[in-house]
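**Q**
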Amino acid sequence: MGSKEKTKVLVVYYSQTGQLRNVLGHLVQPLLKAPDVDVVFEELVPERPYPFPWTLSSFFDALPDCIDSTVQKVMPLKADTAVSWDLIILGYPAWFLRPAPPIQAFLASEPAQKLFRGKPVVTVAACRGMWIMAQEQIKRGLEKAQGVLTDHVAVVDQGNAVASIVTTVRWMLTGNKGAWLGLFPPAGIHPDEIQRCSRFGDALLTALRQPTWPSQRPYLRGLGAVKVDPRLIASEKIGHAFLRFFGRALAHAGPAGSWRRRIVLGLFLALFIPLIVVMVPIRMVLLRALQPLLRTRLHSLKRQFEEPSGSDESSGNPLTNL
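All residue numbers for the sequence shown refer to my numbering, where the first residue is 12 and numbers rise by one.
#1: Pull up the distance between the alpha-carbon of S26 and that of Q206, whole angstroms please.
#2: Pull up the CB-CB distance for E247 and M144, whole angstroms please, since I reckon it's below 8 Å.
#3: I'd like the list of long-range same chain contacts for M12, defined as Cβ closer than 7 Å, with 5 residues on each side in sequence excluded.
#4: Among D162, L153, Q40, W270, which one has its Cα closest to the Cα of V50?
#5: Which residues in the same chain have their Cβ closer than 8 Å to the Cβ of D323, if we skip the five residues on either side of it in sequence?
#6: Let's test the definition: count the other Cβ atoms within 10 Å of the Cβ of I249 and tell me whether it reaches 16, buried, or not, exposed.
#7: On the criterion of 16 or more Cβ atoms from any shown chain inside 10 Å, does L297 qualify as buried, or is it exposed?
#8: Do you know offhand how far H37's Cα is from L254's?
#9: Is DSSP giving V237 helix, strand or coil here?
#10: Leaving out five residues before and five after Q169 in sequence, what residues of the same chain have Cβ atoms less than 6 Å from its Cβ?
#11: With a threshold of 16 other CB atoms inside 10 Å of the CB of L192, please say whether the residue is buried or exposed.
#12: Along the beta strand (DSSP E) that carries E16, what are the first and last residues, could you check?
#13: Identify whether E58 lies in helix, strand or coil by the three-state DSSP scheme.
#14: Can you give me the start and stop residues for the alpha helix (DSSP H) that V180 sits inside?
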């Protein structure tokens, strides 16, 4: 990094609840404190804002937006697309196992094609534990825009998969994310985990200051940036296909609020809730029974989905020891 010109970092994100914004704020804190780095935040604003808290109908009416990336649009960017950014950080939440619609719309836009072309990109997901399919879609979008994915960070909710479904839906529909009934933990990501995100900023700052930037990558390996639960891989793939089918069915049934769409939505809910209740214990039993046969395959998928940053944190990040 030159001694005169500051390093330029662009943080592009969409955060409906503010949780992702908080995660990114802690992540880039070391960069914000560095006198030789300029950090610019670009919050994506959808042309059709989404409500928060949601109603039940508006919540599931957003499903078609997640399936078809052309439905939603975002307001023009404030950041200068002509600037040669040294690093771009792309933050997103996952909705219905896909990137939130404003992120999808942005990735497909012309400004995104200009911004990402040839630039190193770090993606950051803040969501429930099931983010794999959303990140695969992000990868395809970045590849199309010719961006260079150097690292991925996934910061996930506290609690197990079943508990996080209950607490997340309650949070989305009521705005209340506190502990519930003495059985369920608070919704969202644990505050301690959010604060720990500054370790990624420390590593990025060290990497940005190396004369080899941006060739020596990934930059966040050894910091436990992503952790894939192999027990959830099959469930996420099945859920992804199920939601795609009903998302398209909802879109074809008519506009939001129409009687045909209400019928399809009722059918979706009648199948979706029992599917969760029934499939979770079945999945646990099957995985336990088939574990000896699936261990190698699941381990391979786990490594694949954890790339490029990986889940290892035993050795620390080599760049921070320079």
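Every residue gets a Cβ at the ideal spot worked out from N, C-alpha and C, and that includes glycine.
**A** The answer reads as follows:
#1: In a straight line, the C-alpha of S26 is about 17 Å away from that of Q206.
#2: Sure, about 6 Å apart at Cβ, within 8 Å.
#3: With a pLDDT of only 48 at M12, under 50, the local geometry of the prediction cannot be trusted, and the value read off the model is given with reservation. Cβ within range, chain order: T18, D47, L219, R220, W224.
#4: Among D162, L153, Q40, W270, the Cα nearest to that of V50 is on Q40.
#5: Within the same chain, D323 has close Cβ partners R232, G233, G235.
#6: It counts as exposed.
#7: By the 10 Å Cβ count, L297 comes out exposed.
#8: The alpha-carbon of H37 is positioned some 33 Å away from that of L254.
#9: Note: V237 maps to coil in three-state DSSP.
#10: The residues are P196, H201.
#11: The residue in question, L192, is exposed, as its Cβ has fewer than 16 Cβ neighbours within 10 Å.
#12: Per DSSP, E16 belongs to no beta strand (DSSP E) and is neither H nor E.
#13: Coil.
#14: Here the alpha helix (DSSP H) through V180 covers 172–185.
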